[in-house]
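Numbering (our numbering), first residue to last: 682 to 879. Ideal Cβ positions, reconstructed from N, Cα and C, are used throughout, including at glycine. Have a look at the structure below before the remarks.
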Amino acid sequence: MFHEGNRQLQDRYGGREVADRLVARRTVSAFSQEHIDFIQSLPFFFIASGHEDILDCSFKGGDPGFVRVVETNRLAYPDYDGNRMFKTLGNLVQNPNVGLLFIRFDREQQGDRKLNRLRVTGRAELFDDHPLLEAYPGAMRIVEVTARYIFTNCPRYIPEMRMVEPSRYVPRGGEEPPVPEWKHRDYIKEVIDPESKA
Numbered sequence: 682m683f684h685e686g687n688r689q690l691q692d693r694y695g696g697r698e699v700a701d702r703l704v705a706r707r708t709v710s711a712f713s714q715e716h717i718d719f720i721q722s723l724p725f726f727f728i729a730s731g732h733e734d735i736l737d738c739s740f741k742g743g744d745p746g747f748v749r750v751v752e753t754n755r756l757a758y759p760d761y762d763g764n765r766m767f768k769t770l771g772n773l774v775q776n777p778n779v780g781l782l783f784i785r786f787d788r789e790q791q792g793d794r795k796l797n798r799l800r801v802t803g804r805a806e807l808f809d810d811h812p813l814l815e816a817y818p819g820a821m822r823i824v825e826v827t828a829r830y831i832f833t834n835c836p837r838y839i840p841e842m843r844m845v846e847p848s849r850y851v852p853r854g855g856e857e858p859p860v861p862e863w864k865h866r867d868y869i870k871e872v873i874d875p876e877s878k879a
């Protein structure tokens, strides 16, 4: 859970005992039902990935339930049409270690739920052919993450925000999402078919 840099700062600023206590009490390697309900209720999450000295953090979005817990320590999510830079997926090919952040901003709208922030660290695997592809209209691939550490965080600095409307670009059964405006820009349209997906 901690490397030497973490430990140096914990010792410098008096945090080692607190850190060890939090790991002992709040870190698990299997998803609880509360974790599952929380993850599957969200329309987005953030994923950190990297290879050597190139690091990346990306936003992944969809309709609530687009991330599914498929085993006690494994989740899956669809990869939709993007900008074809393959920053996250390319990192996963070279280095499967990832960090995921699930966060809820609309605390007043969450009802009985108490969980507002969940971190998952683990290893990701990319699948071009996967049984879940049929469950996600418009999905190009499936990414599975096997969790190593699952832990909750204090939500005190999370601002209160509201969902205005879901993204109109999320693929949904029975309707074709609009083509994003950037695919029609002069500098890119000669190298991409706006209607193609990848």
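According to the DSSP secondary-structure assignment, Y868 is paired through a beta bridge with no residue. The beta carbon of R822 is closer than 7 Å to those of D760, L807, F808 and D809 in its chain, skipping five residues each way along the sequence. DSSP links N778 through a beta bridge to R804. Ranked by how close their Cα comes to the Cα of V709, the residues Y830, N778, P777 and P858 have Y830 in first place. Distances from the CA of Y817 to each of Q691, V748, E846 and M766 were compared; the closest alpha carbon is that of V748. Contiguous alpha helix (DSSP H) elements confined to the stretch 692-772 occur at 697-707 and 714-721, taking only those with 4 or more residues. Annotation: A757 to H732 spans about 21 Å, alpha carbon to alpha carbon. By the Cβ neighbour-count rule, H716 is buried, with 16 or more other Cβ atoms within 10 Å of its own. The continuous beta strand (DSSP E) containing R829 extends over residues R822 to T833.
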